[in-house]
Each structure stands twice: as structure tokens, then as C-alpha cells.
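In our numbering, the protein residues as written are 45 to 478. Even glycine gets a Cβ: it sits at the ideal position worked out from N, Cα and C. Keep in mind the model is a prediction, meaning the values are calculated, not measured. Quick notes on the structure that follows.
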Amino acid sequence: MNSTTPKKKSLLGIFVLCWLCLMADGYDLYVYGATLPGLIGVAPFNITPAAAGAVGSIALVGMLLGSLVVGTLTDRLGRRRILISALALFSLAMLACAVAPTWEMFAVFRFIACFGVGGLLPTAVALANEFADPARKSITLGAVLTGPAVGTVVASLTSLALLERSGFRPVYAAGAIALILVPLAWKYLPESPSFLRAHQLTEQAERIEAAYGMVRPPEAPTPAARFTSPTTSLFASGYGRPTLTIWAITVLSLLTIFGVSTWLPQVMRNAGYGVGSSVSFLLAYSVGAVIGTVLAAAASQRFGPKRLVVVGFVSAATALLLMSTNPPAALLVVLAAVAGFGGLGTQNMINDYIAQFYPAAIRATGLGWALAVGRLGAIAGPTYGALMIGFGGGVPLVAAAFALPAIAGAALMLLVPAKAAPLAVPAPVAEPVS
């Protein structure tokens, strides 16, 4: 053996960077719900629940656009560049939220932050999926996808520590700390070999594969082929019906997640809990999502992500229905944790399912479009919750209302195939890039 053979680079750095970026993504995304008790009826903005719900939904329009635009551009411009750009955008927007002089300016910056957030997740998942060992793909993706849930935990803890004493501004300013990840990602995150091959940069792809000891997947496209657009491929060769069903599942999942995570602290505050205690329910929800994602990822490696998505939806629906019976506070905390597993934990398994369902050449597009369409549910979630609160039903009505989409999601997940058939049309490609 030649002693000068270069040592293979560790894949761990890629997964850690993707995880850190997703943790920042989760913090920025879910911090809004954690800070609502310090925004509604509190200086300097003194907003109403209706105004809070409207801005929550409008900001998620930005996330829809981010998922749609960036998810498609990722397969055209490169996953590394898109990930770094999205990370920088939402981190700077969080800093702008912290210093916003008016509620209207806060809403604008929140919209921009969510645009960047919407673009990061499909890119990071596509990268992690491509570099993961096929024999441990679900476990690896599950570990990386704990990032958003951990970010929610950090957002809840930061809000608990700062909101009551210092207000919402430092909680948002803390989100800008993620800017330190930008130079690290620029230096250490490699480009996707499948993207490079699709753009006829075969030598660069081979250097990266050799550097990390990767085996070229059999589904990788050949440089000589001419191809259709990534979006068109989502409906080719029998993919159409599963694609539409996946979109509907994601709508229901994100409606549940963003409705519950946005309003859980405020609903609990309305029920008589203090600011700190009400935010602690979101913390329990987030911890449940982290633990549930890890356990579900391990089980998914054996049983496949489809079954775990069904289990997650059923768990969320059951926990929410039990919360609607007004149980004791201690049991409420436990049920909030179970709802977290069935909410954000289930969405992580849906992301895992989508990443394994589509071939590499259209993976980021497939995930980006599913999340983009799913943002319709995310947009509706805060407004749906505000409507339920307006009816005056308190915890029982809000919890029962969000159990319904979880039940529907479980039913639809039973209709999609566990695995997709091989792509029978050429994979998408664009002109060579420099």
C-alpha cells in the first residue's frame, strides 16, 4: 500500500455542520411562538392575538416562497451556495427583528427570516442524505433532523431566561449568533457530487467522492444525457399521485406543528399559567420532538420511515385529544412532550421519507416542493389557532382542533408506497457551471 495515499476526510464534519445549521433554523423558526407571551398586550407593540396570528401566517408565506424558490434553485445552482446564503439571510433578519422600531417593521423582518429558513432545510437534508452511508441512512438523517427540534429547545430556554426580565429583543438577537457558521460552512462544507455530475463537472465530483470515500450511487445521472426540468420529473413515471399525496400529508403535518407551537405558550397563559410556566410547555413539546426523532430514526432504519410517520401522527392526535380533557398540569407536560414527538418529530420522519423516496437528482426539488406546498398548512396554522382561541374554548377546543389534521395525515400516509419505483425518465440537468 502506498504510504502517501491521502487520508479520507471524515463525513462527521458535514453532518455536524448540517445539524448546526438546522438547529439555527429551528431556533429562528419557532422563537416566535416562544416570545408571543412577551408580545401580546405588552409594550412596546401591545399587539392583539389576531395581529399576532396574522403576522405568524404572513411570515410563513415567506417560508413557503423560500422552500419553493430555493428548493428548486438548489438543484440548479448548487446545495452548498444555497445553504450558506439562506443561513446568512435568516441570521441577519433575526438581528433586524431584535431592533425593529415598529410592529410593521418587525413583521417585514420576520417575513425575510422565514424566507431564509424555508430555503435551508431541503438543502441541508439533501446534502446529509447524499453523504450518508446507505446502510445507516435513516439513523444519520434522523440525527441531523434533531437539529430543528434542538433549536426549538434552545429558543424555549432562551425565552425562559430572558423574556420576562428583558423582553423579546435579546431573544431574537441571540438568533444572529448563527452567523459564525457562515465562514465554517464556506470552508468545510463540500458541494454535492450528484449536483456536480448533473452539471457535467465529473472531475470535481470524483475528487469529492474520493476524498470522503464515497461510492458513486447507481442512480447518478450520466453527463451525456439531456434532461427535463426537476419539477416535471416529480410527476413523471408514476410519481404524480404519490407526489400529490406527499404534499397533502406535509400540509396537514405543518398545520399541526405551527398551530400548536405558535399558540401553546399563549393558550397556557390564558389558562392561568405565568409567562415562564406557559413557555415551559413549549419546552416540553420541543424535548419530546428531539427524543422522539432519535427513537423514530433508529426504528425507521429497521421498519422504514413510512410506518414511523403513521405512528407519529397517531401519537400526536392521541396526546392532543387527551389534552382536551383538561388533565392535571403534570400530565399536560407529558402530553405536550408526546405531541412534540408526533408533531415536529413526525415531520422529521416525513422529510426522511421524502429524501429516500426521490432519486438524488430531484431529491432537493422534491423535498423543496413538498415543504413549499406544505407551508400552506403552516400559514393556516397560526390563524386557525387564533380562530379557535377566539371561540373562547381554551385548551380543550384548541387541542381537539389540532388533533383532526393529525388523524387525517395518518390516513393519507397509509396510501403512499413505502418506496418509489426507479425513475424511468432522465434526471434533470442544467448547463455547465463554472
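Residue burial is scored here from C-beta neighbours: Ala87 has fewer than 16 other C-beta atoms within 10 angstroms and is therefore classed as exposed. The straight-line gap separating the alpha-carbon atoms of Phe446 and Thr294 is approximately 14 Å.
In this structure, the alpha-carbon of Ala361 lies about 14 Å from that of Tyr329.
Between Leu66 and Leu240, the gap from beta carbon to beta carbon reaches 8 Å or more. The straight-line gap separating the alpha-carbon atoms of Tyr74 and Ala424 is approximately 15 Å.
Counting along the chain, no alpha helix (DSSP H) covers Met258, and no H or E run does either. Excluding the 5 residues flanking it on each side, Tyr402 has same chain C-beta neighbours closer than 6 Å at Gly410, in chain order. C-alpha of Ala98 to C-alpha of Gly70: approximately 20 Å in a straight line. The alpha carbon of Ala455 has as its nearest neighbour, out of Leu339, Ile290 and Asn395, the alpha carbon of Ile290. Taking all protein chains in view, the Cβ of Val114 is crowded by 16 or more other Cβ atoms within 10 Å, so the residue is classified as buried.
Of Arg285, Met393 and Thr287, the smallest CA-CA separation from Val338 is found for Met393.
One alpha carbon belongs to Val442, the other to Ala172, and they sit about 36 Å apart. The stretch 294-307 makes contact with the stretch 412-424: 3 or more CB pairs, one atom from each, lie closer than 8 Å. Within its own chain, the residues whose Cβ lies closer than 7 Å to the Cβ of Ile183, once the five positions on either side in sequence are excluded, are Ala341, Ala342 and Gln345, listed in chain order.
Note on geometry: alpha-carbon atoms of Gly162 and Ala374 lie some 34 Å from one another. Taking a cut-off of 8 Å on C-beta distances, the stretch 121-131 touches the stretch 223-241, as three or more cross pairs fall below it. Using a Cβ distance threshold of 8 Å, Gly318 and Gly211 do not count as a contacting pair. With distances taken between CA atoms, Val323 lies nearest to Leu204 out of Val105, Pro214 and Leu204. The distance from the Cβ of Gly106 to that of Phe155 is about 4 Å, consistent with a contact at the 8 Å cut-off. Asn370 is classed as exposed because its beta carbon has fewer than 16 other beta carbons within 10 Å across all chains shown. Annotation for Phe325: Leu308, Pro309, Met312, Tyr317, Leu376, Val377 and Ala380 place their beta carbon closer than 8 Å to its own, counting only its chain and skipping 5 residues before and after. Here Phe385 is buried: its Cβ has 16 or more other Cβ atoms, across all protein chains shown, within 10 Å.
The distance from the Cβ of Gly77 to that of Gly110 is about 19 Å, inconsistent with a contact at the 8 Å cut-off. Only residues of its own chain outside the window of five on either side were considered, and among them Pro286 have a CB closer than 7 Å to the CB of Pro461, listed in chain order.
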